[in-house]
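Chains as they are written, first to last, in this note's numbering: chain A, 1 to 382; chain B, 1 to 382.
Glycine included, every Cβ here is placed at the ideal spot set by N, Cα and C.
Structure record follows, encoded as structure tokens.
2 protein chains.
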Amino acid sequence: MNIIVAGGDGFCGWPTALYLSKQGHKVSIIDSMVRRKIDNELHSNSLTPIASLQERVNRWEELTGNKITIYDGDLVHYDFLKEVLKQEQPDAFVHFAEQRSAPYSMIDREHAVYTQHNNVTGTLNVLFGIKEIVPDCHLIKLGTLGEYGTPNIPIEEGYLEIEHKGRKDVLPYPKQPNSFYHLSKVHDSHNITFACKIWGIRATDLHQGIVYGLDTEETKMDPILTNRLDYDDVFGTALNRFIIQSTIGHDLTVYGKGGQTRGFLNIKDTVRCIEIAAENPADKGELRVFNQFTEEFSVADLAAKVKRVAEDEGFEPQITNLENPRVELEDHFYHAENTKLKELGLEPHLLDDEVIREILETVVKHKDQVIETNILPKVSWK
Amino acid sequence: MNIIVAGGDGFCGWPTALYLSKQGHKVSIIDSMVRRKIDNELHSNSLTPIASLQERVNRWEELTGNKITIYDGDLVHYDFLKEVLKQEQPDAFVHFAEQRSAPYSMIDREHAVYTQHNNVTGTLNVLFGIKEIVPDCHLIKLGTLGEYGTPNIPIEEGYLEIEHKGRKDVLPYPKQPNSFYHLSKVHDSHNITFACKIWGIRATDLHQGIVYGLDTEETKMDPILTNRLDYDDVFGTALNRFIIQSTIGHDLTVYGKGGQTRGFLNIKDTVRCIEIAAENPADKGELRVFNQFTEEFSVADLAAKVKRVAEDEGFEPQITNLENPRVELEDHFYHAENTKLKELGLEPHLLDDEVIREILETVVKHKDQVIETNILPKVSWK
Chain A
1 MNIIVAGGDG FCGWPTALYL SKQGHKVSII DSMVRRKIDN ELHSNSLTPI
51 ASLQERVNRW EELTGNKITI YDGDLVHYDF LKEVLKQEQP DAFVHFAEQR
101 SAPYSMIDRE HAVYTQHNNV TGTLNVLFGI KEIVPDCHLI KLGTLGEYGT
151 PNIPIEEGYL EIEHKGRKDV LPYPKQPNSF YHLSKVHDSH NITFACKIWG
201 IRATDLHQGI VYGLDTEETK MDPILTNRLD YDDVFGTALN RFIIQSTIGH
251 DLTVYGKGGQ TRGFLNIKDT VRCIEIAAEN PADKGELRVF NQFTEEFSVA
301 DLAAKVKRVA EDEGFEPQIT NLENPRVELE DHFYHAENTK LKELGLEPHL
351 LDDEVIREIL ETVVKHKDQV IETNILPKVS WK
Chain B
1 MNIIVAGGDG FCGWPTALYL SKQGHKVSII DSMVRRKIDN ELHSNSLTPI
51 ASLQERVNRW EELTGNKITI YDGDLVHYDF LKEVLKQEQP DAFVHFAEQR
101 SAPYSMIDRE HAVYTQHNNV TGTLNVLFGI KEIVPDCHLI KLGTLGEYGT
151 PNIPIEEGYL EIEHKGRKDV LPYPKQPNSF YHLSKVHDSH NITFACKIWG
201 IRATDLHQGI VYGLDTEETK MDPILTNRLD YDDVFGTALN RFIIQSTIGH
251 DLTVYGKGGQ TRGFLNIKDT VRCIEIAAEN PADKGELRVF NQFTEEFSVA
301 DLAAKVKRVA EDEGFEPQIT NLENPRVELE DHFYHAENTK LKELGLEPHL
351 LDDEVIREIL ETVVKHKDQV IETNILPKVS WK
């Protein structure tokens, strides 16, 4: 299959590009390198040293013989996108190319507007590009489980059968996103739904949980292929952040009571889920929604798990409950369905002590890279 | 009360500004005059000759002694908006200032992106402006009944109590908008919901139906105060468009079977609804949704009503069912609730033959203004 991975230089996109290339697909990457620019803006860094994208794909070709083409540009530039689509004629367009940090979108008005404009316009352009140039191309769009928020009823995969006043319908699941970033994904979901309906586009919207881990089989093949790993308050996410904190003697920073429950998955499952979606395309005019996560944990649970493993390894981490910088429930019902990807063949890598230990061992090697001032939360929702 | 009417030069905004001024409120208008520029772009016009905004407010002051301040600028320019908010310190911000045509948003990619960027960013700026400068100001936002689409269950006012798998919650009503314009309003609704929650903003989102009519008591006071009236395929809406067609010997153009049912209201009720919302502000942190319409009609019903009145007046209109340029159901269940504004005092002007006759008589005076080539639909959803 001929697959474009937009955002293929990022934390999820890069291992996905390698994995798909390894499976024999012809892969090209679109990336504006904006994630690296944001590191400069925030004076932050990846814990792991990362090579340039050109170095990465060169090394990949040396190791495997598989060529990955790079298109350095931005999806908000439609003429650029059109040229790539004309040249590549992709069967699938995997769309990771969005600003993906909730705290980044909450820094101030400019970052909120940037996030929504960038994400929504980029996705609109992809929809128009598919319609105009490759109408049969399958859009595989990364949404987020956070689009749903934390309703007091179970979360279904995208749609909900509702009975009301004696009548029935299956409607889009109501969304209660909790940052300007999460809102941008909800906007995208609505736009994609409409485009599928009027133009017959085939699309899969992957409502992904919080991704943890670092390595896949492919990124482990060579240091130049190493994936980025974020630990700062803006781009670092729970679990990865806790593990890094535990190795440098920093308290594990639980926001508020830590009862916030979310869906999680290993980066190794992210790449497999994309393959599953690509190999099982949506029908023409269909927008499928898959909830892409494997397990649910509360933030407090995660911190306790990491603390235990870190102690086994000789560290002495403490858990601190910080004042929550976000406006969110800290004690709530949470249950989301996630059967569809498993039905299509996903075999989850579950989170056990061994997984935490493996990430921890990698992290320890790079812990001198940590900029400690970047760990505590500085962006407030208020 | 000190009230800003953003979009106060438009079809709904102008009569609202006059009505609120008449009631004794201190009114200022923000408008970028973009609606007039779009007339140039589309080679279209208002059926009624309209004076410049400056001439309009000058005449209003001559007639009533009431001053209306004009701020000529665009909500997407945040520095401009901030200065206006600082200067005016409004108690209420009435927000009509969005691109409001579904067909305009469907012309091509650029118009889709313009509509969503303009509407979503403008509203984000208003939210940030209120938060930063006038946190107690009540946002009265014009949404649209079209945000809901046409679900097979009754439409409630913004929220829906859902029971699912033995649990209950009250969730945002699922939205199925049917154009890039309608989608922009859904994006706004989600953004406003979030801003109310995290910042304690007070907001009322008026999900307005299709507005018909032209005159209010105030706009009738002088020809310089006349409201604009659109009849073209892009900005003209059902009823007004049918009335104009009937006076110039054009067939009444029903799209498809005409079974599409929607909520409608008279422009005289629009202005009163805004007053009701302003006089009964939402609580801090509350986003209220009112469905702002008075009656439901199918498009075929409306055409038949207009035909009958026009025949009484000596015209000979025919009804033609055109191929529908939109992708929408033409035969569907439709029922929306609209009790909240009535509970707060709205006394609807219902649509009867006399109302149609009155609009028709005004239209006849200006029928030589009609550019016939602008009547048939040219924008396709496909």
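Note to self: From the DSSP secondary-structure annotation, give me the bridge partner or partners of T204 (chain A).
What the structure shows: Residue 204 (chain A) sits at position 204 when you count from the first residue of the first sequence. T204 (chain A) pairs with A:I140 and A:R288.
> Helix, strand or coil: which one does DSSP assign to L124 (chain A)?
Replying inline: The residue labelled residue 124 (chain A) in the question sits at position 124 within the first sequence. Helix.
* To do: Measure how close the beta-carbons of A278 (chain A) and M1 (chain A) come, nearest whole angstrom, since I'm counting them as under 8 Å.
  => Position 278 of the first sequence, counted from the first residue, corresponds to residue 278 (chain A). Position 1 of the first sequence, counted from the first residue, corresponds to residue 1 (chain A). So it is a contact: roughly 6 Å between Cβ atoms.
Cβ distance (whole Å) where T121 (chain A) is taken to contact V186 (chain A) below 8 Å: On the first sequence, residue 121 (chain A) is found 121 positions in, with the first residue counted as 1. On the first sequence, residue 186 (chain A) is found 186 positions in, with the first residue counted as 1. No, T121 (chain A) and V186 (chain A) are not in contact; Cβ-Cβ is about 15 Å, not under 8 Å.
Any beta carbon of chain B sitting closer than 8 Å to that of Q369 (chain A)? For the purposes of this step, residue 369 (chain A) is taken as the residue at position 369 of the first sequence. Not closer than 8 Å to any Cβ of chain B, the Cβ of Q369 (chain A) fails to qualify, so no.
Of all the CB atoms in chain A, is at least one closer than 8 Å to the CB of P174 (chain B)? Here residue 174 (chain B) is taken as the residue at index 174 of the second sequence, counted from 1. Closer than 8 Å: yes.
Below 7 Å on C-beta distance, what does V327 (chain B) contact in chain A? As a first step, residue 327 (chain B) is located in the second sequence; it is residue number 327 there, counting from the start. Chain A residues near V327 (chain B): K197 and I198.
Check your understanding: Cα separation between Y334 (chain A) and D74 (chain B)?
Key -> Translated into positions along the first sequence, residue 334 (chain A) becomes position 334. Translated into positions along the second sequence, residue 74 (chain B) becomes position 74. So the two alpha carbons sit approximately 42 Å from each other.
Exercise for review: Using 10 angstroms around the beta-carbon of N266 (chain A), count the other beta-carbons present and answer buried if the total reaches 16, otherwise exposed.
Suggested key: Walking along the first sequence from the start, residue 266 (chain A) turns up at place 266. Label assigned to N266 (chain A): buried.
Practice item. Below 7 Å between beta carbons is the criterion; list the residues of the stretch 104 to 122 of chain A that meet it against any residue of chain B, in chain order. Key: Those would be R109, A112, V113, Q116, H117, V120 and T121, in chain order.
* To do: With a 10 Å radius around its C-beta and 16 neighbouring C-beta atoms as the bar for buried, classify T373 (chain A) as buried or exposed.
  => For this step, residue 373 (chain A) is matched to residue 373 along the first sequence. Answer is exposed; the Cβ neighbour count stays below 16.
Margin query: Please report the distance separating the alpha-carbon of D91 (chain A) from that of H138 (chain A).
Written below: By one-based count along the first sequence, residue 91 (chain A) stands at place 91. By one-based count along the first sequence, residue 138 (chain A) stands at place 138. Taking the straight line joining both Cα atoms gives about 6 Å.
| In three-state DSSP terms, what is H187 (chain B)? | As a working note, residue 187 (chain B) is residue 187 in the second sequence. H187 (chain B): helix per DSSP, three-state reduction.
### Task
Closer than 9 Å by beta-carbon distance: list the chain B residues that pair up with Y78 (chain A), in chain order.
Counting from 1 along the first sequence, the entry for residue 78 (chain A) is found at position 78. Going along chain B in sequence order, the residues near Y78 (chain A) (Cβ under 9 Å) are R109, E110 and V113.
Does the beta carbon of N227 (chain A) come closer than 8 Å to any beta carbon on chain B? Reading the first sequence from its first residue, position 227 is the one you call residue 227 (chain A). So, not an interface residue.
### Query
Can you pull the DSSP bridge partners for V170 (chain B)?
The residue labelled residue 170 (chain B) in the question sits at position 170 within the second sequence. Paired residues: B:E161.
Practice prompt. With 7 Å as the limit, tell me which residues of the stretch 48 to 65 of chain B have their beta carbon closer than that to any beta carbon of chain A; keep them in chain order.
Written response: none
Query raised in the report: Which class does R262 (chain A) belong to by DSSP, given the choice of helix, strand or coil?
Result: Taking the first sequence and counting its residues from 1, the one referred to as residue 262 (chain A) is at position 262. Residue state, collapsed to three classes: strand.
What does a CB cutoff of less than 6 Å around V363 (chain A) pick up in its chain, not counting 5 residues either side in sequence? The residue you call residue 363 (chain A) lines up with position 363 of the first sequence. In its chain, beyond the 5 residues on either side, I243, I244 and T247 have a beta carbon closer than 6 Å to the beta carbon of V363 (chain A).
(Q) Mapping the DSSP letters down to three states, classify T216 (chain B) as helix, strand or coil. (A) As a first step, residue 216 (chain B) must be located in the second sequence, where it is residue number 216. In the structure shown, T216 (chain B) sits in coil (DSSP, three-state: anything other than H, G, I, E or B).
- Hey, I133 (chain A) and K82 (chain A): beta-carbon distance below 8 Å or not? Counting from 1 along the first sequence, the entry for residue 133 (chain A) is found at position 133. Counting from 1 along the first sequence, the entry for residue 82 (chain A) is found at position 82. Yes. Within cutoff.
Item to check | In DSSP terms, what T253 (chain A) is bridged to | outcome: For this step, residue 253 (chain A) is matched to residue 253 along the first sequence. DSSP lists A:T320 as the beta-bridge partner residues of T253 (chain A).
Report the CB separation of F96 (chain B) from P177 (chain A) in whole angstroms; it is logged as a contact under 8 Å. Looking up residue 96 (chain B) in the second sequence gives position 96. Looking up residue 177 (chain A) in the first sequence gives position 177. With 8 Å as the limit, F96 (chain B) and P177 (chain A) do not qualify as a contact, their Cβ atoms being about 26 Å apart.
Exercise. Starting from N45 (chain A) and walking both ways along the alpha helix (DSSP H), at which residues does that stretch end?
Worked result: Here residue 45 (chain A) is taken as the residue at index 45 of the first sequence, counted from 1. From DSSP, N45 (chain A) is part of no alpha helix (DSSP H); its letter is neither H nor E.
#### Entry: Partners in chain B for L183 (chain A), counting only beta-carbon separations shorter than 7 Å
Position 183 of the first sequence, counted from the first residue, corresponds to residue 183 (chain A). Going along chain B in sequence order, the residues near L183 (chain A) (Cβ under 7 Å) are H190, N191 and F194.
By the 10 Å Cβ neighbour count, where 16 or more other Cβ atoms means buried, how is S52 (chain A) classified, buried or exposed? Taking the first sequence and counting its residues from 1, one reaches residue 52 (chain A) at position 52. That one is exposed.
query = For K284 (chain B), which option in B:C196, B:L351, B:L344 and B:A310 has the closest C-alpha, if you only look at C-alpha atoms?
reply = If you number the second sequence from 1, residue 284 (chain B) lands on position 284. Checking every option, the nearest Cα to that of K284 (chain B) belongs to B:C196.
Of all the CB atoms in chain A, is at least one closer than 8 Å to the CB of N152 (chain B)? The residue you call residue 152 (chain B) lines up with position 152 of the second sequence. Contact with chain A is found for N152 (chain B), since one of that chain's Cβ atoms lies less than 8 Å from the residue's Cβ.
Margin query: Give me the subset of the stretch 160 to 174 of chain A whose CB atoms are less than 8 Å from a CB atom of chain B, sorted by chain position.
Written below: Taking 8 Å as the Cβ-Cβ cut-off, the stretch 160 to 174 of chain A approaches chain B at L160, I162, E163, H164, K165, R167, K168, D169, L171, P172, Y173 and P174, given in chain order.
V186 (chain B) versus chain A: which residues are under 7 Å apart at the beta carbon?
Here residue 186 (chain B) is taken as the residue at index 186 of the second sequence, counted from 1. H190, listed in chain order.
> Which residues of chain A have a Cβ atom closer than 8 Å to the Cβ of F333 (chain B), listed in chain order?
Replying inline: Position 333 of the second sequence, counted from the first residue, corresponds to residue 333 (chain B). Residues of chain A passing the Cβ test: R167.
* Could you give the residue range of the alpha helix (DSSP H) that holds A304 (chain B)? -> As a first step, residue 304 (chain B) is located in the second sequence; it is residue number 304 there, counting from the start. Here the alpha helix (DSSP H) through A304 (chain B) covers V299 to D312.
Problem - chain B residues whose Cβ lies nearer than 9 Å to that of K37 (chain A) - result: In the first sequence, residue 37 (chain A) corresponds to position 37, counting from 1. Chain B residues near K37 (chain A): none, gap ~22 Å exceeds 9 Å.
| message | Quick check on DSSP: helix, strand or coil for I30 (chain B)? | response | Position 30 of the second sequence holds residue 30 (chain B). Three-state DSSP puts I30 (chain B) in a strand.
Along the chain, where does the alpha helix (DSSP H) containing N58 (chain B) start, and where does it finish?
Here residue 58 (chain B) corresponds to residue number 58 of the second sequence, with the count starting at 1. Counting along the chain, N58 (chain B) sits inside the alpha helix (DSSP H) bounded by residues L53 to T64.
Run down chain A in chain order and give the residues with a C-beta less than 8 Å from the C-beta of K382 (chain B). As a first step, residue 382 (chain B) must be located in the second sequence, where it is residue number 382. Residues of chain A passing the Cβ test: I198 and W199.
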